[in-house]
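Residue numbers (the working numbering), protein chains in the order written: chain A, 337 to 640; chain B, 86 to 399.
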């Protein structure tokens, strides 16, 4: 089994230079340049203007780059985002298949017009004469944060072959699901499990952590984030979105099997497919960390 | 359509004159007069003759009038239940969309016959079986008369699932999720409640009722109901925002307006993050508090008038 390692997806407002610098240093597997929630209407233009440069900065920092688009402003947001180095787009607030199809069409059009393809994994190089294939199409990540979006999740995922991953995004805030008496965010355990089932049934990656009431809107302290990642990995997630740079290390750590875990699985791996998968995932995580360092080293020497 | 306030409501056998006669004194937002489980088979026919009197009794306290019919006899129950003044027909053990479409048709006919404006009478579809859970989306979307929906939990659900009630963990975890998600997907008011550990099954426990009501409101749920008069006041109180909460909500809105003016999307007030979501939540709280106050005033005025009339005629 080969894995694309995306343990941490850090959402960063695309207009905020300070936050962008912080994101570049964060060690996030994915930096998610935001044009939606964290950008005020009056800053949308600045944010869009920043995207192209920020993509390059984040790639040089060893991160994959996605852009989160506002579903109502999709054309302008994608038009500002489809540039070399972009891996995909995150669509929050999706409620119907037409929105997914529209995003698919816009991406196809911009890819063709600008000659943009999805970049190879971090640390790999694509040769100029490599043939283009469907696996190089820019990805769509659906943030299913509404009632209709969750209910129709399967249809939405199947609406485009670009959809490779799904999450609940900030569902707790969008649907106003707050703390219940046992310390969960109301309905979230059900919604998380449902997402994991549907994602696996449709062959896409479920993204999330087992967030509880202490994790309002994907923000949480280091320890709570670590716990959400550890429990999330047990529940079937391999990476999660977060809002603060200091959550990245917690997610990377929580989603990476620990040394003792790997050792105990190594003892069992000969006759357990689950153990083999854990070891393969741990190896992939280690390789991802090395690739980041490699790319950073190259970027550093390039600027020296 | 204005959002309905249904914090408290008592379900009672319509053929019990003592319960029905005192129903207006209970301060319920709604009253659910029952044709179903609380009425023995031999009394069903008699029960069907009692709706107009029950409406009069309930309206003395300005309660919204609901009639719970039998899922097996909608053809005879609906003509007996739909009279001017009835706000909602409750359909228990809903299992298919076809049942709801049939019910909608029967109500439509009776609205026409009795001179009630089309669409006035709502349907409350209650899921109480596993088949109902599986068909939740189809049921909830089967009629525009449905404006609220919730999960199947409770006594009948337990029987159908073959489990005991009040076991100390949430054996209706899936039902809750499915029912509420369907409501969220269709834009309906969410009925039902959060899970709270309870191994007593005490339907008249006021402490349990207020804790449950507060926890439900915190989780975004706004409706209640029960079987015992003891739970009415706790539900009215627990599902109504306090004056402090309303003040705080106004402060959040003011603060968010300042943030927005400054071109910011987020700030911190009293250690709490304020953003578009908190502003939305604050606005909802204020609107809900207004609706609750309006409802309380209507009920108080009706009761005062009834008391005055009864005193002068005594």
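Idealized CB from N, CA, C, for every residue including glycine.
- With respect to the 8 angstroms criterion, residue 455(A) and residue 431(A) are not classified as neighbours on the basis of their beta carbons.
- Residue 396(B) counts as exposed, since fewer than 16 other beta carbons sit within 10 angstroms of its beta carbon.
- Annotated three-state conformation of residue 370(A) is strand, per DSSP.
- Look at the beta carbons and you see the region 389-401 of chain A touching the region 357-365 of chain A: at least three pairs across the two are nearer than 8 angstroms.
- 8 angstroms or more divides the Cβ of residue 302(B) from the Cβ of residue 272(B).
- Close to chain B, meaning a Cβ-Cβ distance shorter than 8 angstroms, is no residue of the region 430-463 of chain A at all.
- Looking at 416(A), 340(A), 386(A) and 476(A), the one whose alpha-carbon comes closest to that of residue 428(A) is 476(A).
- Residue contact with chain B for residue 376(A): present (Cβ-Cβ distance below 8 angstroms to some residue of chain B).
- At a cut-off of 8 angstroms between beta-carbon atoms, residue 348(B) makes contact with chain A.
- For the region 350-370 of chain B, the set of residues with a beta-carbon nearer than 9 angstroms to any beta-carbon of chain A comprises 350, 351, 358, 360, 361, 362, 363, 365, 366 and 369, in chain order.
- Contact check for residue 589(A) against residue 398(A) fails: the beta carbons are separated by 8 angstroms or more.
- Secondary structure at residue 181(B): coil, using DSSP grouped into helix, strand and coil.
- Residue 562(A) places its beta carbon 8 angstroms or farther from that of residue 578(A).
- Around residue 518(A), the beta-carbon contacts reaching into chain B at under 9 angstroms are 255, 279, 280, 281 and 282.
- In terms of CA proximity to residue 119(B), 151(B) leads the group 279(B), 151(B), 307(B) and 352(B).
- Counting only Cβ-Cβ distances below 7 angstroms, residue 370(A) has no contacts in chain B at all, with the closest Cβ about 10 angstroms away.
- Per the coordinates, the alpha-carbon of residue 182(B) lies some 33 angstroms from the alpha-carbon of residue 520(A).
- Buried is the label assigned to residue 363(B), since at least 16 other Cβ atoms lie within 10 Å of its Cβ.
- Taking residue 255(B) as the centre and dropping the five residues before and after it, the same chain places the C-beta of 280 closer than 6 angstroms to its C-beta, in chain order.
- Within the region 257-269 of chain B, those residues whose Cβ lies closer than 9 angstroms to any Cβ of chain A are, in chain order, 258, 259, 261, 262, 263, 265, 266, 267, 268 and 269.
- The Cβ neighbour count for residue 282(B), taken over all protein chains shown within 10 Å, is under 16; the residue is labelled exposed.
- Residue 486(A) reaches chain B at 266, 269 and 270, counting residues in chain order whose Cβ is nearer than 9 angstroms.
- By the CB criterion at 8 angstroms, residue 114(B) and residue 297(B) fall outside the cutoff.
- Think of a sphere of 9 angstroms around the beta carbon of residue 303(B): the chain A residues whose beta carbon falls inside it are 514, 515, 516, 517 and 522, in chain order.
- Distances from the CA of residue 350(B) to each of 343(A), 485(A), 370(A) and 621(A) were compared; the closest alpha carbon is that of 370(A).
- Under the rule that a run must span 4 or more residues, the alpha helix (DSSP H) segments found entirely inside the region 87-111 of chain B read 102-107.
- Below the 9 angstroms Cβ cutoff, chain A contributes 487 as neighbours of residue 222(B), in chain order.
- Counting only runs that start and end inside the region 265-349 of chain B, there is no beta strand (DSSP E) element of at least 3 residues.
- Look at residue 625(A): its C-beta is not under 8 angstroms from any C-beta on chain B.
- The residue among 140(B), 340(B) and 176(B) with its C-alpha nearest the C-alpha of residue 121(B) is 176(B).
- Close to residue 300(B), with beta-carbon spacing below 7 angstroms, are these residues of chain A in chain order: 516 and 517.
- Between the alpha carbons of residue 421(A) and residue 400(A) lies a gap of roughly 8 angstroms.
- Judged by beta-carbon spacing, residue 212(B) lies within the 8 angstroms limit of residue 237(B), meaning their Cβ atoms are closer than that value.
- Excluding its 5 nearest sequence neighbours in each direction, residue 160(B) has C-beta neighbours in its own chain below 8 angstroms: 191, listed in chain order.
- Per DSSP, reduced to three states, the secondary structure at residue 443(A) is helical.
- At least one beta carbon of chain B lies nearer than 8 angstroms to the beta carbon of residue 379(A).
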